[in-house]
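Residue numbers (full-length UniProt numbering): 1 to 261.
1) Measure the CB-CB distance between residue 11 and residue 35 and report whether it falls below 9 Å.
2) Give the single residue among 20, 175, 96 and 65 whose Cα lies nearest to the Cα of residue 117.
3) By Cβ distance, which residues of its chain are closer than 7 Å to residue 82, with the 5 residues on each side in sequence left out?
4) Is the beta carbon of residue 125 closer than 9 Å to that of residue 196?
5) Starting from residue 167, follow the beta strand (DSSP E) in both directions and report where the run begins and ends.
6) Does residue 45 pass the burial test, meaning 16 or more other C-beta atoms within 10 Å, or should it be called exposed?
7) Looking at chain D, is there any beta carbon in it that lies within less than 9 Å of the beta carbon of residue 136?
8) Does the contact criterion of 3 or more C-beta pairs under 8 Å hold for the stretch 132-145 versus the stretch 200-207?
9) Pick from 24, 72, 80 and 69: whose alpha carbon is nearest that of residue 37?
10) Taking 9 Å as the threshold (C-beta atoms), are residue 70 and residue 47 in contact?
11) Go ahead and pull the three-state DSSP assignment for residue 7.
12) The alpha helix (DSSP H) that contains residue 113, what's its start and end?
13) For the structure I just gave you, are there three or more beta carbon pairs, one from the stretch 12-31 and one from the stretch 50-66, closer than 8 Å?
14) With 16 as the cutoff for other CB atoms within 10 Å, does residue 61 come out buried or exposed?
15) Measure the C-alpha to C-alpha separation of residue 154 and residue 57 and round it to an integer number of angstroms.
16) In whole angstroms, what separates the C-alpha of residue 127 from that of residue 207?
17) What three-state label does DSSP hand residue 75 in the structure shown?
18) As a quick exercise: from 172, 144 and 130, pick the residue whose alpha carbon is nearest that of residue 93.
19) Just list the beta strand (DSSP E) runs in the stretch 130-188, keeping only unbroken ones of 3 residues or longer that don't cross its boundaries, in chain order.
20) May I ask which residues mark the beginning and end of the alpha helix (DSSP H) holding residue 1?
21) Measuring straight from C-alpha to C-alpha, what distance separates residue 6 and residue 40?
22) Apart from the five residues on each side of it in sequence, which residues of its chain come closer than 7 Å, Cβ to Cβ, to residue 113?
23) Contact check, residue 158 vs residue 167 under 8 Å by CB: the rounded distance?
24) Under a three-way DSSP split, which group does residue 122 fall into?
Right, here's the structure in full:
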């Protein structure tokens, strides 16, 4: 939630020169459309996080399904806005965005699958790995597009455009740049797969013992039942002692009567 707030503030109020995103007549300028698109994505995740906390506090029966549904809506909006992004998709940046949509699609699909398979470890693992991949790919994208030494040959940052985009000299340079992005994404996927499986194996090695999980609600109920069980056990113990005493007295009395006879 804090990250979403910070991102929205940066996009709309900190980054603009006037520290506000609107034109003098109150309309949204063309060069600020992508800022509003990015903020809409962050706002969707902010709503998801806020309601996830509320649902966790209230704990209704449909808590898990509703939380997954809100997450799926956030990923769906992210996929839609990246697909219909106002930024030019003809250059290398558009290729990065197109490949990012594939990762977002995996996050969306696994989140929807989580509604029907809430106890599936593999679904949760793939979803977590896809979310991690989104962040890692955005970091790679930032370095490759905004570092002059890492730009493909024949491409440059056009400082005259607002927003600034990477453009290429001719179709040949553009085709080469897109092909390099595709190769980069394929290597990225291999690296993510290696990292995910290795991370899982390390965790299995470290936490090899079987660990049983239970909900916090169940633990609270068990804690509340423990005092009642202690009281009942004390009552049963006292009752047993009384019965034992009566039985002992009865046997002693019968023995005395036999001796008198």
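For every residue, glycine included, the Cβ atom is placed at its ideal position computed from N, Cα and C. None of the values given here were measured: they were computed from a predicted structure.
Inspection of the coordinates gives the following:
1) Taking the chain shown and counting its residues from 1, one reaches residue 11 at position 11. Taking the chain shown and counting its residues from 1, one reaches residue 35 at position 35. It is a contact, given that the beta carbons lie within the stated cut-off.
2) Taking the first residue of the chain shown as 1, we reach residue 117 at position 117. Of the candidates 20, 175, 96 and 65, the one whose C-alpha sits nearest the C-alpha of residue 117 is 65.
3) In the chain shown, counting from the first residue as 1, residue 82 sits at position 82. Once the five neighbours on either side are set aside, the close Cβ partners of residue 82 are 97, 100, 101 and 104.
4) As a first step, residue 196 is located in the chain shown; it is residue number 196 there, counting from the start. As a first step, residue 125 is located in the chain shown; it is residue number 125 there, counting from the start. Closer than 9 Å, so yes.
5) Locating residue 167 in the chain shown gives position 167, where the first residue counts as 1. Residues 165-168.
6) Along the chain shown, one-based indexing puts residue 45 at 45. When all chains shown are included, residue 45 counts as buried.
7) Note that chain D does not occur in the displayed structure, where there is just one protein chain.
8) no
9) Position 37 of the chain shown, counting from 1, holds the residue named residue 37. Looking at the Cα atoms, 80 is the closest of the given residues.
10) Within the chain shown, the letter at position 47 stands for residue 47. Within the chain shown, the letter at position 70 stands for residue 70. Cβ atoms of residue 47 and residue 70: closer than 9 Å.
11) By one-based count along the chain shown, residue 7 stands at place 7. Residue 7 falls in the helix class under three-state DSSP.
12) As a position in the chain shown, residue 113 is number 113, starting the count at 1. 92-116 is the extent of the alpha helix (DSSP H) around residue 113.
13) no
14) Here residue 61 is taken as the residue at index 61 of the chain shown, counted from 1. It counts as exposed.
15) Within the chain shown, the letter at position 154 stands for residue 154. Within the chain shown, the letter at position 57 stands for residue 57. Their Cα atoms are separated by approximately 55 Å.
16) As a working mapping, residue 127 is identified with position 127 in the chain shown. As a working mapping, residue 207 is identified with position 207 in the chain shown. Their Cα atoms are separated by approximately 21 Å.
17) What you label residue 75 is simply residue 75 of the chain shown in a count that begins at 1. Residue state, collapsed to three classes: helix.
18) Within the chain shown, numbered from 1, the residue matching residue 93 stands at position 93. That would be 144, whose Cα lies nearest to the Cα of residue 93.
19) 155-158 and 165-168
20) On the chain shown, residue 1 is found 1 positions in, with the first residue counted as 1. From DSSP, residue 1 is part of no alpha helix (DSSP H); its letter is neither H nor E.
21) Residue 6 sits at position 6 when you count from the first residue of the chain shown. Residue 40 sits at position 40 when you count from the first residue of the chain shown. If I take the Cα positions, the gap works out to 13 Å.
22) In the chain shown, residue 113 corresponds to position 113, counting from 1. Excluding sequence neighbours, residue 113 sits near 123.
23) Here the question's residue 158 lines up with position 158 in the chain shown. Here the question's residue 167 lines up with position 167 in the chain shown. Yes, residue 158 and residue 167 are in contact; Cβ-Cβ is about 5 Å, under 8 Å.
24) Position 122 of the chain shown, counting from 1, holds the residue named residue 122. DSSP places residue 122 in helix when its eight states are reduced to three.
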